Amino acid sequence: MIIKARSEALRNACGIAGYDALIVFGNAWQGDYLRYASGFGIVEGEGLALVRPDRPVSLFLDQPFEFERAQVECPGIDVTLVTDLLEGGIAELEGAATIGVAPMSLAPHHLWRRRAGKDPVDATPLFDRLLMAKLPEELALIRTCARLADEGYEVFRHAARIGRADYEVVAEVEAFFRAKGADDNFMLIGSGGTEVRGMAPPSGRILKSGDLVTTELTPAIDGYYVQICRTLVMGEPSGIQRTAFGIFSEALERGIAAVRPGSTASDVAIAQNEVFRGRGLGDFVTTQYTRVRGHGLGLFTDSKPPIVESSMTTIEPNMALIVHPNTYHPDVGYIVLGDALIVGTPGNEILTKTARELFANQGSGG
Amino acid sequence: MRRGLMMWRNEELSNVDLERRIARLRAVMASENLDAFIAYGNFVRPQVIAHLTGFTQFWGDGLLVVCPDGRPTYFSVLTNRSNSWIAGLNPVCEIVHTPNLGTAVADHLNTLNRTAVGIGEYGSLPERIASVLSQKLKAPPVEAGHVFAKSRETADGAEINLMRRADGLAAAGIQQVPSNAKHVGDVVSAVELAVRLGGCEDCHIAVAPNMIADARLARHRADTLLGDVFAVRASVVRHGVLSRRTRTYAVDAKLARKLSCLEAAIATWCETEAPDRRAALPLIDDVEWHGWCFETPSGSYQLQTVDPHREGERHPYGVMTLRGTIEGNPWIVTQMAVGSPPAVRDASSE
Numbered sequence: 006m007i008i009k010a011r012s013e014a015l016r017n018a019c020g021i022a023g024y025d026a027l028i029v030f031g032n033a034w035q036g037d038y039l040r041y042a043s044g045f046g047i048v049e050g051e052g053l054a055l056v057r058p059d060r061p062v063s064l065f066l067d068q069p070f071e072f073e074r075a076q077v078e079c080p081g082i083d084v085t086l087v088t089d090l091l092e093g094g095i096a097e098l099e100g101a102a103t104i105g106v107a108p109m110s111l112a113p114h115h116l117w118r119r120r121a122g123k124d125p126v127d128a129t130p131l132f133d134r135l136l137m138a139k140l141p142e143e144l145a146l147i148r149t150c151a152r153l154a155d156e157g158y159e160v161f162r163h164a165a166r167i168g169r170a171d172y173e174v175v176a177e178v179e180a181f182f183r184a185k186g187a188d189d190n191f192m193l194i195g196s197g198g199t200e201v202r203g204m205a206p207p208s209g210r211i212l213k214s215g216d217l218v219t220t221e222l223t224p225a226i227d228g229y230y231v232q233i234c235r236t237l238v239m240g241e242p243s244g245i246q247r248t249a250f251g252i253f254s255e256a257l258e259r260g261i262a263a264v265r266p267g268s269t270a271s272d273v274a275i276a277q278n279e280v281f282r283g284r285g286l287g288d289f290v291t292t293q294y295t296r297v298r299g300h301g302l303g304l305f306t307d308s309k310p311p312i313v314e315s316s317m318t319t320i321e322p323n324m325a326l327i328v329h330p331n332t333y334h335p336d337v338g339y340i341v342l343g344d345a346l347i348v349g350t351p352g353n354e355i356l357t358k359t360a361r362e363l364f365a366n367q368g369s370g371g
Numbered sequence: 044m045r046r047g048l049m050m051w052r053n054e055e056l057s058n059v060d061l062e063r064r065i066a067r068l069r070a071v072m073a074s075e076n077l078d079a080f081i082a083y084g085n086f087v088r089p090q091v092i093a094h095l096t097g098f099t100q101f102w103g104d105g106l107l108v109v110c111p112d113g114r115p116t117y118f119s120v121l122t123n124r125s126n127s128w129i130a131g132l133n134p135v136c137e138i139v140h141t142p143n144l145g146t147a148v149a150d151h152l153n154t155l156n157r158t159a160v161g162i163g164e165y166g167s168l169p170e171r172i173a174s175v176l177s178q179k180l181k182a183p184p185v186e187a188g189h190v191f192a193k194s195r196e197t198a199d200g201a202e203i204n205l206m207r208r209a210d211g212l213a214a215a216g217i218q219q220v221p222s223n224a225k226h227v228g229d230v231v232s233a234v235e236l237a238v239r240l241g242g243c244e245d246c247h248i249a250v251a252p253n254m255i256a257d258a259r260l261a262r263h264r265a266d267t268l269l270g271d272v273f274a275v276r277a278s279v280v281r282h283g284v285l286s287r288r289t290r291t292y293a294v295d296a297k298l299a300r301k302l303s304c305l306e307a308a309i310a311t312w313c314e315t316e317a318p319d320r321r322a323a324l325p326l327i328d329d330v331e332w333h334g335w336c337f338e339t340p341s342g343s344y345q346l347q348t349v350d351p352h353r354e355g356e357r358h359p360y361g362v363m364t365l366r367g368t369i370e371g372n373p374w375i376v377t378q379m380a381v382g383s384p385p386a387v388r389d390a391s392s393e
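Okay, structure coming up:
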């Protein structure tokens with residue numbers, strides 16, 4: 006069972022670090038640490054898991070319906086409903102001298118005010134190593150989810166038609182993912198021309214002839230997210246759109262080629278950005294126009310490491326990543342293109358199989 | 044982590060509605076001698092900021108600062124690229140982008156010489172922000188969750204209308220459960236498609252596929268078979284306002300009719316103003332009541348379960364979930380309810 010494998014890896018890491026206990030926080034946005042430790046995919050409210058060397062994992066939740074759901078979905082876990090997460094969690098830590106906390110970004114102010122004794126230790130870096138280098142059981146789920154991401158893009162391609170509202174396209178894709186058993190999907194969409202600077206949740210915009218329609222689809226199976234990014238044109242792509250897309254295609258290939266054990270996230274970002282700089286588009290790979298050139302995949306849609314030029318995180322075997330040189334092109338607007346992969350030796354395993362082309366969609370109507 | 048349609052609809056929530064809400068907050072701030080109120084928001088704690096600005100957090104987190112005068116300021120960790128998107132959904136605020144929320148807000152308030160600063164749900168604020176605020180503000184901030192709660196004890200018309208719209212979407216969604224549904228995936232997919240096409244901002248579906256074996260609602264594999272009695276809950280958000288509907292379905296036609304009658308009776312009961320609802324639950328033959336849960340938007344969560352033993356709290360509306368058995372078969376019903384939770388005599392709260 007995957008939870009058993011993860012639990013063993015986590016306890017080993019905590020033992021090596023000398024923690025008496027580990028407090029793990031999670032919510033519906035950043036639920037990866039909590040899910041790794043407890044198996045529970047939180048949807049509402051907040052959760053806290055206690056990991057101790059000699060006891061089963063305890064999960065504390067502050068929403069009654071989530072408590073009920075956790076009892077059904079995580080039968081081996083000791084689940085408690087509390088009105089105050091810390092009151093429940095800290096009460097059980099009597100006698101624990103060294104306490105780790107992950108992720109520190111979610112740790113609430115009360116933790117410091119209520120906890121007597123030594124301050125908790127930031128266990129986020131330790132936990133991040135576990136989240137980044139995947140276990141064989143995790144890789145199997147990621148491969149399954151990648152197939153679903155490809156199928157989802159096929160649904161998107163056919164749903165995006167002239168005259169339809171963007172949220173209707175999203176509705177069709179989400180319904181497909183639910184029918185296939187995806188427990189979540191992180192999805193952004195953009196449509197239009199040079200006025201579009203990025204992607205966002207749907208806004209009700211009606212798709213028009215000539216629009217570039219961008220999306221990143223990120224379905225999850227048993228909590229594991231895999232992403233795919235593609236761009237399509239409403240109608241026949243223009244020459245200038247094809248030329249612009251060619252730059253992104255080359256950047257993606259260069260980025261993937263730079264992914265190898267021992268290289269850094271920075272190397273992967275630079276490999277992509279150099280393609281743009283070589284064509285006088287260097288401004289468009291700065292933070293004014295784009296955020297990251299890819300990122301990790303796993304129990305969070307935007308996992309570590311971020312693929313940016315400043316990230317010196319070493320690429321290791323069995324990491325799952327998406328490489329995506331998504332950014333603004335001044336001639337045509339925002340373009341996205343990205344594929345998920347597993348870092349391997351000797352070569353990477355490209356997970357998403359959808360053709361890397363600028364798709365054209367001639368259909369119209371709802 | 045799924046967002047559907049996010050757009051500004053002035054006919055559902057206008058700038059005037061928001062300005063009135065901010066004025067109500069300022070009145071409570073004045074009575075508490077506060078010269079600044081800070082609200083934190085993220086994906087799961089969006090409600091205070093959504094109520095005061097209309098903007099629901101999608102990615103990252105943010106802080107809203109309301110002073111006794113001037114436009115409120117929303118500090119967002121999103122980059123400038125998102126500026127026009129946020130501004131389109133948050134028309135009442137100045138918008139500031141910063142990677143360091145605590146520092147930016149402390150600098151802002153110190154420049155304005157604000158010293159009596161209250162923070163909503165201060166203890167839940169991430170330490171990375173709280174520690175910076177407590178170090179950099181001119182005076183230690185105080186807990187001010189009650190200030191916001193007091194400012195919204197009485198719902199305004201826009202809020203009730205939005206709640207009814209969210210509730211209507213959820214109700215329409217669970218009507219779409221196919222009569223020939225065999226698996227959980229058939230149900231969840233149909234409901235989700237309907238509520239998203241209806242323009243919801245977010246939705247989550249939970250199912251109890253075989254109520255006779257286990258009446259708890261959860262997420263199940265898509266290929267899980269449905270039993271003779273099953274229940275579906277749709278939690279649906281419209282413009283930052285969350286409602287839920289749960290319906291129990293039966294293959295047996297006679298039982299299905301009884302469940303429909305029960306649902307109708309509960310709907311009438313939930314539409315009754317709270318003081319009149321202090322009477323017992325409606326009496327229906329063969330129905331037993333086992334428990335209830337009342338959720339209301341009182342804090343930063345979109346809905347929060349109300350402690351029925353806490354006296355003196357007023358709530359404008361909420362969502363009522365009731366459970367029981369009918370002819371020995373378990374049922375669950377969730378409906379929007381007007382007013383505070385009832386003092387139910389013959390069923391205990393969960």
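Read top to bottom, the protein sequences are chains A and B. Each residue of the first sequence is one higher than the one before, counting from 6 in my numbering. Each residue of the second sequence is one higher than the one before, counting from 44 in my numbering. Cβ coordinates follow ideal geometry from the N, Cα and C atoms, glycine included. This structure is a prediction, so every number in the text was calculated from the model and none was measured.
- Item | C-beta atoms of B/Ile277 and B/Arg287 nearer than 8 Å | One detail in the question is off: residue 277 of chain B reads as Ala in this sequence, not Ile. Yes.
- Return helix, strand or coil for B/Ile309, following the three-state DSSP convention. helix
- 4-residue-minimum alpha helix (DSSP H) runs that sit fully inside the region 192–277 of chain A, ordered along the chain: 244–263
- Message: Please identify, using Cβ separations under 7 Å, the residues of the region 145–176 of chain B that lie next to chain A, in order along the chain.
- Response: Tyr165, Gly166, Ser167, Leu168, Pro169, Glu170, Arg171, Ala173
- Counting Cβ pairs, one atom from each stretch, are 3 or more of them under 8 Å apart for the region 11–24 of chain A and the region 73–89 of chain B? no
- What is the residue span of the beta strand (DSSP E) that B/Phe101 lies within? That residue, B/Phe101, is in no beta strand (DSSP E); it is neither H nor E in DSSP.
- Item | Where A/Glu354 sits in the DSSP three-state scheme | strand
- What is the DSSP secondary structure of A/Ser316, reduced to helix, strand or coil? coil
- Message: Rounding to the nearest angstrom, what Cα-Cα distance links A/Glu179 and B/Leu106 in this structure?
- Response: 30 Å
- Query: Which residues in the same chain have their Cβ closer than 8 Å to the Cβ of A/His136, if we skip the five residues on either side of it in sequence?
  - Reply: Correcting the residue identity first, residue 136 of chain A is Leu in this sequence and not His. So the qualifying residues of the chain are Asp37, Tyr38, Tyr41, Gly301, Gly303, Leu304, Phe305, Ser308, Lys309.
- Rank A/Leu66, A/Asn190, A/Gly203 by C-alpha distance to the C-alpha of A/Thr295 and give the top, closest one. A/Gly203
- Enumerate in chain order the residues of its own chain whose CB-to-CB distance from A/Phe253 is below 7 Å, with the five nearest sequence positions on each side excluded. Pro330, Ile340, Leu342
- So, is A/Ala10 buried or exposed, given that buried needs 16 or more other C-beta atoms within 10 angstroms? exposed
- Query: Can you tell me whether B/Val294 is buried or exposed, with buried defined as 16 or more other CB within 10 angstroms of its CB?
  - Reply: exposed
- Query: For a contact meaning CB atoms closer than 9 Å, what does B/Gly47 contact in chain A?
  - Reply: Tyr172, Val175, Ala176, Glu179, Pro206, Pro207
- Query: What do you get for A/Asp133, buried or exposed, if any count of 16 or more other CB atoms within 10 angstroms of its CB means buried?
  - Reply: buried
- Task: Would you mind working out which of A/Glu92, A/Leu286, A/Gly52 sits nearest A/Ala75, comparing C-alpha positions?
- Result: A/Gly52
- Query: Can at least three beta-carbon pairs, one atom from the region 57–66 of chain B and one from the region 252–266 of chain A, be found at a separation below 8 Å?
  - Reply: no
- Are the beta-carbon atoms of A/Thr103 and A/Asp25 separated by less than 8 Å? yes
- Query: Under three-state DSSP, which class holds B/Val376?
  - Reply: strand
- Message: Is the separation between the beta-carbon of B/Pro142 and that of B/Val120 shorter than 8 Å?
- Response: yes
- Task: Kindly identify the DSSP beta-bridge partner or partners of A/Pro113.
- Result: B/Pro169
- Query: Going straight from the alpha carbon of A/Gly299 to that of A/Val328, what length do you get?
  - Reply: 4 Å
- Cβ-Cβ separation, A/Ala249 to A/His334 (assumed contact under 8 Å), whole Å: 4 Å
- Query: What does DSSP give as the partner residues of B/Tyr360 in its beta bridges?
  - Reply: B/Val381
- Item | Own chain, CB closer than 6 Å to B/Gly283, minus 5 neighbours either side, in chain order | Ala93, Thr99
- the region 173–189 of chain B touching the region 203–210 of chain B, judged by at least three CB pairs closer than 8 Å: no
- Query: Looking at the C-beta of B/Asn123, does it have a partner C-beta in chain A at a distance below 8 Å?
  - Reply: yes
- What separation, rounded to the nearest whole angstrom, lies between the Cα atoms of B/Glu393 and B/Asp257? The pLDDT assigned to B/Glu393 is 48, lower than 50, so where the model puts this residue is not dependable, and the model offers no usable value.
- Below 8 Å CB to CB, which residues in the same chain sit around B/Ala390 once its five sequence neighbours on both sides are set aside? Here B/Ala390 scores only 48 on pLDDT, less than 50, and its place in the model should not be relied on; the value that follows carries that caveat. Around B/Ala390: Leu324, Trp332, His333, Gly334, Trp335, Leu365, Gly367.
- Task: Could you work out which residues of chain A lie near B/Met50, taking near to mean beta carbons separated by less than 7 Å?
- Result: Ser208, Gly209
- Item | Proximal chain B residues relative to A/Pro113, where beta-carbon distance stays under 7 Å | Gly166, Ser167, Leu168, Pro169, Glu170
- Using 8 Å as the limit for Cβ to Cβ distance, is B/Ala390 near chain A? Interpretation of B/Ala390 is limited by its pLDDT of 48, a score under 50 that renders its predicted location unreliable; the figure taken from the coordinates is listed afterwards. No - not a single Cβ of chain A is within 8 Å of the one on B/Ala390.
- Item | Given B/Ala310 as reference, the closest of B/His263, B/Val139, B/Val362 once Cα atoms are compared | B/Val362
- Query: For the region 24–52 of chain A, which segments carrying the beta strand (DSSP E) assignment without a break, of at least 3 residues, lie completely within its bounds, in sequence order?
  - Reply: 26–32
- Query: Going by C-alpha distance, which of B/Pro373, B/Tyr360, B/Ala261, B/Ile138 is nearest B/Ala299?
  - Reply: B/Pro373
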